[in-house]
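Structure record follows, encoded as structure tokens.
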Amino acid sequence: MKYTHLKKQDSAVYKALLGEQKRQEEGVEMIASENYVSVAVLETLGTVFTNKYSEGYPGRRYYGGQEFTDVVETLAIERAKKLFGAEHVNVQSHAGAPANLAAYAAILKPGDTVLGMNLSHGGHLTHGHPLTLPAQIYRFVGYKTEADGTIDYKKLEALAKKEKPKLVLAGFSSYTRQLDYAKISAIAKKVGAYSMMDMAHIAGLIAGKAVPNPVPYFDIVTTTTHKTLRGPRGGMILCRAELAKAIDRAVFPGVQGGPLMNTIAAKAVAFGEALRPEFKKYARQILKNAKTLQKEMEKYGAQVLFGGTENHMIMLDVVKSYDVSGKEAEKYLDAVGITINKNVVPDDPRGPMDPSGIRIGVPAVTTRGFKEKEIKLIAKYIHRALSSKGEVKLLNNIHKEVKQLCKKFPVYL
Ligand code: DSN
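Residue numbers (the working numbering): 3 to 415.
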């Protein structure tokens with residue numbers, strides 16, 4: 003990509019862009035929530051759709067000149083409906099957090115109780131962390147995983163009966179097992195609560211039919227459109243037809259003003275890609291790569307949390323496995339060009355800025371073509387880096403090997 007105008011006009015931003023481009027090409031991207039979008043998606047993000055105000059929805063907007071924005075938003079909606087079998091879809095949420103906020107606002111009153119997964123057990127900030135706006139409006143109660151990494155649905159049902167939530171929330175950002183959607187939605191029904199799944203992390207696996215689809219089971223399903231779904235950074239809400247009006251109103255004008263039409267156009271393009279047969283292959287390869295990573299790390303003696311993985315990521319307790327903290331592990335892996343993030347482990351005795359664990363995901367490396375063979379190499383590099391005690395020469399040598407591997411799998415070049 004040339005960026006000729008930017009180069010001439012703003013050398014500071016251009017230089018940073020080149021740096022980021024090089025970082026993404028030369029490094030092994032293993033942040034579980036990141037991915038590489040296609041060039042078509044990138045192109046669409048940089049189009050004149052960014053100039054347009056389009057408050058409202060296709061066919062009923064507040065400003066004129068919507069004949070083309072209506073086309074792309076309708077395409078995004080129809081393609082998303084087809085991908086996930088949803089009755090209604092809103093593609094306007096700017097990101098996952100506002101999508102969740104809008105979903106809560108559509109069905110809850112201030113003070114209502116929500117059951118959501120505890121953050122250190124894999125849940126997400128927006129599922130009840132005290133510092134978030136939703137947690138100041140609603141009363142969140144967290145449920146936890148068991149020692150073997152599963153969820154005890156009998157315990158969850160007992161908790162729901164005790165707490166009488168208006169919403170039972172499923173979904174996670176660092177949990178690696180498959181949830182039992184039928185059981186969760188049945189528990190919600192039993193206590194007269196709505197059910198909602200935040201599928202942001204696994205939307206691509208669901209679209210690619212590599213894991214079960216939550217949409218038939220839940221009243222509302224929220225997601226981001228980047229991550230495994232490999233679209234532009236953004237959010238989306240899917241729901242039953244009877245909640246369509248409430249959801250649309252909660253997104254606009256409830257939470258947001260004008261939608262980002264360039265992003266919505268790029269969502270349409272990405273959903274078009276996800277509907278193709280190649281995407282099913284991609285989703286299946288993600289599962290194979292994550293399983294390979296789990297098995298290799300276990301062979302090296304590392305402690306993989308939650309009893310292994312059934313999705314796109316693994317969680318490691320690095321304090322127990324390597325006697326390094328999550329922050330140190332992140333630093334050592336950064337030094338060899340492998341990007342991951344430090345992460346809390348269930349009931350972590352350490353704080354979130356220097357927790358006991360790390361999260362490692364394979365969606366981005368799978369996009370660039372890594373298969374089991376390359377994942378085995380990566381596991382070896384991770385193990386060597388985490389065992390290095392920060393020895394610079396050792397880390398530099400691993401970094402050279404990482405760069406060589408990446409050169410063989412160009413992303414955009
Ligand atoms: N920040 C995302 C993640 O990494 O899981 C979720 O919001």
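Beta carbons are placed, not taken as given, at the ideal position from N, Cα and C, and that holds for glycine.
DSSP places VAL74 within a helical segment (H, G or I) once states are collapsed to three. With a threshold of 16 other beta carbon atoms within 10 Å, GLN11 falls short and is exposed.
Runs of beta strand (DSSP E) with 3 or more residues, each lying fully within the segment 212-262, are found at 222-226 and 237-241, listed in chain order. By the Cβ criterion, the segment 258-274 is not in contact with the segment 310-321, since fewer than three pairs of Cβ atoms, one from each stretch, lie closer than 8 Å. For HIS126, the shortest separation between its Cβ and any heavy atom of the ligand DSN lies below 7 Å. With 5 Å as the limit, the residues whose C-beta approaches any heavy atom of the ligand DSN more closely are SER35 and SER175, in sequence along the chain.
In the displayed model, ILE342 falls within coil according to three-state DSSP, outside both helix and strand. As DSSP reads the structure, THR115 sits in a beta bridge with ARG141.
Residue pairing from DSSP places ARG62 in a beta bridge opposite TYR59. The segment 395-404 makes no contact with the segment 343-352, as fewer than three CB pairs between them are under 8 Å. Taking the Cα positions, SER35 is about 35 Å away from TYR64. Inclusion of ARG232 and THR71 in the CB contact set at 8 Å is not warranted, their separation being larger than that value. Counted as a single uninterrupted DSSP element, the beta strand (DSSP E) harbouring ILE360 occupies residues 359-363. For LYS283, the closest C-alpha among the options ARG235, LEU318 and VAL213 is that of VAL213. Between the alpha carbons of LEU117 and HIS131 lies a gap of roughly 12 Å. Ranking LEU85, GLU31 and THR178 by CA distance to the CA of PHE281 puts LEU85 first. 8 Å or more divides the Cβ of PHE254 from the Cβ of GLU80. Judged by DSSP secondary structure, ALA209 falls outside any beta strand (DSSP E) and instead within the alpha helix (DSSP H) spanning 205-209. Taking every protein chain shown into account, the CB of GLY303 has fewer than 16 other CB atoms within 10 angstroms, so this residue is exposed. Taking C-beta separations shorter than 8 Å and ignoring five residues to either side along the sequence, the partners of GLY48 in its chain run ASN264, following chain order.
Ranking VAL271, ALA99, LYS391 and LYS382 by CA distance to the CA of THR76 puts VAL271 first.
LEU181 places its beta carbon 8 Å or farther from that of ILE222.
Look at ALA97 here: in three-state DSSP terms it is coil, with no helix or strand label. Secondary-structure assignment with DSSP links GLU31 through a beta bridge to THR341. ALA387: member of the alpha helix (DSSP H) spanning 374-388, first to last residue. Residue pairing from DSSP places VAL306 in a beta bridge opposite LEU318. For SER358, same chain residues with a beta-carbon under 8 Å away, outside a window of 5 residues either side, are ASP319, VAL320, VAL321, LYS322, SER327, GLY328, VAL346, VAL347, ASP350, PRO351 and ARG352 in chain order.
A Cβ-Cβ distance of about 20 Å is found for the pair ILE139 and ALA162, leaving them out of contact under the 8 Å criterion. Here LEU240 is not near ALA108, since their CB atoms are 8 Å or more apart. Under DSSP, the beta-bridge partners assigned to VAL91 are LEU240. Separation of THR294 and HIS7 (C-alpha to C-alpha, rounded to the nearest whole angstrom) is 44 Å. Here DSSP, grouped into helix, strand and coil, assigns MET299 to helix. CA-to-CA, the gap between ASP250 and GLY206 works out to about 23 Å. The C-beta of GLY236 has 16 or more other C-beta atoms within 10 Å across all chains shown, which makes the residue buried.
The closest CA to that of LYS373, considering only GLY29, ASN291, ALA82 and VAL15, is found on ASN291.
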